[in-house]
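Trainee: Numbering (the working numbering), first residue to last: 35 to 151.
(1) Please specify which runs of the alpha helix (DSSP H), each continuous and at least 4 residues long, are wholly inside the region 40-105, giving them in chain order.
(2) For my contact list, residue 51 and residue 77 are in at a C-beta cut-off of 8 Å; report their separation, rounded to the angstrom.
(3) So, for residue 46: in the same chain, excluding its five sequence neighbours on each side, which residues have a beta-carbon less than 8 Å away from its beta-carbon?
(4) What does a CB cutoff of less than 6 Å around residue 91 pick up in its chain, not counting 5 residues either side in sequence?
(5) Over the uninterrupted alpha helix (DSSP H) stretch that includes residue 133, give me the two end residues.
(6) Give a yes or no on whether the C-beta atoms belonging to residue 55 and residue 86 are separated by under 8 Å.
(7) Nearest CA to the CA of residue 140: which residue from 111, 110, 101 and 112?
(8) What residues in its chain sit with their C-beta under 7 Å from that of residue 83, if we drop five residues either side in the sequence?
(9) My output table needs one value for residue 115: the three-state DSSP class, helix, strand or coil.
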């Protein structure tokens with residue numbers, strides 16, 4: 035993988051992470067409508083924090099964050115889909131997981147050309 039490809043894959047994964055955090059925050063606000071934020075389960079807040087931390091780590095090119103966000107994102111989305119018996123979000127989950135996969139590959143790949151070229 036060339037240096038430009040690596041940067042592009044990491045950038046795409048970072049943007050996907052921002053989208054995942056924003057969509058989770060939007061769902062959190064929708065769940066809170068009417069009753070306020072006090073009745074929301076603490077796991078939803080934890081999900082938002084973990085996704086944010088992994089996204090920031092992904093921006094830095096951290097390998098642990100790149101693989102962590104992929105595994106965490108897939109595990110939580112599968113769990114929530116099975117728990118709620120709603121599989122409508124499966125296609126978008128797979129699309130986002132593809133970009134996280136490319137970011138994880140980029141974070142682990144050696145650069146095949148010099149940085150200045």
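Backbone N, C-alpha and C fix where the C-beta goes; we use that ideal spot for every residue, glycine too.
Mentor: This is what the structure holds:
(1) 76-93
(2) Mapped onto the chain shown, residue 51 falls at position 17. Mapped onto the chain shown, residue 77 falls at position 43. Going by Cβ atoms, the distance from residue 51 to residue 77 rounds to 19 Å, so no, they are not a contact pair.
(3) Here the question's residue 46 lines up with position 12 in the chain shown. The residues are 133, 136 and 137.
(4) Residue numbering aside, residue 91 sits at position 57 when the chain shown is read from its first letter. Counting only Cβ-Cβ distances below 6 Å, and skipping sequence neighbours, we find 99.
(5) In the chain shown, the residue the question calls residue 133 occupies position 99. That run of the alpha helix (DSSP H) goes 124-142.
(6) In the chain shown, the residue the question calls residue 55 occupies position 21. In the chain shown, the residue the question calls residue 86 occupies position 52. It is a contact, given that the beta carbons lie within the stated cut-off.
(7) For the purposes of this step, residue 140 is taken as residue 106 along the chain shown, with counting starting at 1. Of the listed residues, the one whose Cα sits closest to residue 140 is 101.
(8) Here residue 83 is taken as the residue at index 49 of the chain shown, counted from 1. Counting only Cβ-Cβ distances below 7 Å, and skipping sequence neighbours, we find nothing.
(9) Working through the chain shown from its first residue, we reach residue 115 at position 81. Reduced to three states, the DSSP call for residue 115 is helix.
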